[in-house]
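J.: A single structure is presented below for examination.
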Amino acid sequence: MAVLNPREELVSLLRGSFSCPMISSLGKRGVLTLMLEKPFTVESFSEIVDKDLFASVLIYFVSLGLLKSAGQVDKSGQQTYVVTEFGDKIFRRYGSFNLLNSYGAFLSKIDEMLFEPFNEEKPRCDRLENVIGSGQTNGRKFFPKALAMLEKMNLGLIADIGCGDGNFLSRVMNIFPAVSVIASDISKTSVDFTMQNLKKLFPEAQIDSVLTNAADVESWASVVAEHSQGTQGQTVISMWYLIHEISQGKEEVVIDFLTRIHKACPQAGIMIGEIVAIPEDVLATNRYGSIMPEFLFFHDVSGQGVLGWDQYQSILTKIPYELAGESLFDIVKDGDGELPTGFVWHLKPKKVGKQ
Ligand SMILES: C[S@@+](CC[C@H](N)C(=O)[O-])C[C@H]1O[C@@H](n2cnc3c(N)ncnc32)[C@H](O)[C@@H]1O
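Numbering-wise, the sequence shown is residues 5 to 359 according to the numbering used here.
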C-alpha cells in the first residue's frame, strides 16, 4: 500500500465530502462529458443557472488538479479551461461518484439518526443516481467479462433475475439478436422499464417478464424451464448483485437457492456477478486503493447479506454446478494472499454422477 503521511491522510478523508457531490452532479447532467471534449468557459453550459457558483466550482477543480487554464480568454473575456490528464481519468469515472453520492440523503441525516430518536423512515438512496452509477461501473467492469464468457456459447435463452433497467439484457441481445429473453425483478418499475427499453431497442425480439421475488425460485424458474424447452441453444440465468439481496448473510440460503434452480432448470447455466465482504482489518491495510469500506457500509446498514470469499469457495463445493468461467475484480492484499472484491462466475450444471 502507498504510504500517506497523517496530514495527507486527513486531507483525503475530508476532500471527498466536497468533491463527490460536485463531480457526481456535473457527471449525471452530462457536463463532464462535454468538458472532456473541448476547452470551455463558465458560459459554455446553457443548462447551468448559477454561473457564479459554477465559476467557483471550476476554480476549485483547478486547485485539485482536475482542470487547468487553457491560457486564453474567449471573445467576451471569459477564462478558458481544459481537463487535465488526471481530470480525464477522474471525470470518465463519474459513475463511481454517482454510486457513492446516491447515499447523500442518508449521510446528511447521520447526526440525527445517531443521536436523536429517529421516528421517520430512514432516508433511502437516490435510485436514479444509483442506477446511473452502477450502470457505468458494471458496463465498464463486470458486463464485458460476462459477455466474453457468453460469446463462446450457443446461447438460446437468457433470463436475467433482478433485471434492473435491462442494461445487461440489452447488451446480450446486441450480441445474440435471436436470443429469447426473460426479464424478472421484484420491482414492477424495473420490469416495466426493462420491457419498454428492450421492446424499443429490439422490436422483433421474443421477451417475456416475471414480476416476483427471486427467492421464490419456482415462480420464475418454471417460466424459464418452459421457455427453454421451446428454444434451440443453451439457457443461461444471470443474476447481478442478487445473491446478497436474498442470502441473509448465510451460505446455506445460497446453496438452497442454487440447488432449487438446478432442480427446476437442470440444463441451464448460471452467471453470477457479486461483490465480496472483505474483513475490516484487510480493508484497513488496503484503504487507499479500495472503495469497499463505503460499499460495505451501505450494504450493511440496508441489511444486505454480502458474503465473504471463503463462503463463496465453500458454496462452490456444495452446489450441483461447477465453474465454467471466472473473472475476479479489484484484488486486495490479505497478508501474503489476495482477495477479490468482486467476481463474475459462469456456472454450468455438474454432469450426473459427478456430485
Ligand atoms: C443492481 S440491479 C441489477 C442490474 C441489472 N441486471 C442490469 O442489467 O443493470 C439489482 C436488481 O435486483 C432487484 N432485486 C432486489 N432484490 C430482489 C429480489 N429479492 N428478487 C428479485 N429482484 C430483486 C432490484 O430491484 C434491482 O433491480
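The beta-carbon is built from N, C-alpha and C at its ideal position, and this holds for glycine as well.
What are the start and end residues of the beta strand (DSSP E) that includes lysine 72?
T.: 71-77
J.: Starting from the C-beta of leucine 262, find all residues in its chain whose C-beta is less than 6 Å away, skip the five residues before and the five after it, and write them out in chain order.
T.: Ile323
J.: So, using beta-carbon positions, are isoleucine 274 and leucine 351 closer together than 8 Å?
T.: Remark: C-beta atoms of isoleucine 274 and leucine 351 approach each other more closely than 8 Å.
J.: Would you identify the three-state DSSP class for glycine 341, choosing helix, strand or coil?
T.: strand
J.: Taking just the CA atoms, how far does phenylalanine 180 sit from tyrosine 85?
T.: 43 Å
J.: Using 8 Å as the threshold, is the stretch 68-83 in touch with the stretch 112-124, meaning 3 or more CB pairs across them?
T.: no
J.: Rounded to the nearest angstrom, what separates leucine 70 and glycine 137 at their Cα positions?
T.: 20 Å
J.: Run through DSSP, which three-state label would glycine 34 get?
T.: coil
J.: Just to confirm the assignment, what range does the beta strand (DSSP E) spanning threonine 84 have?
T.: 83-87
J.: Could you give the first and the last residue of the continuous alpha helix (DSSP H) run that contains isoleucine 52?
T.: Unbroken run through isoleucine 52: none, as it is neither H nor E.
J.: So for leucine 215, helix, strand or coil by DSSP?
T.: strand
J.: Please report the Cβ distance between tryptophan 244 and glycine 277, rounded to the nearest whole angstrom; I am assuming they are in contact, meaning their Cβ atoms lie under 8 Å.
T.: 4 Å
J.: Tell me where the alpha helix (DSSP H) around glutamine 140 begins and ends.
T.: Its alpha helix (DSSP H) spans residues 131-144.
J.: Would the beta-carbon of serine 106 be found less than 7 Å away from any heavy atom of ligand 1?
T.: no
J.: Between leucine 36 and tyrosine 98, how many whole angstroms is the CB-CB distance? I'm expecting something under 8 Å.
T.: 5 Å
J.: Looking at the structure shown, is isoleucine 179 part of a helix, part of a strand, or coil, going by DSSP?
T.: helix
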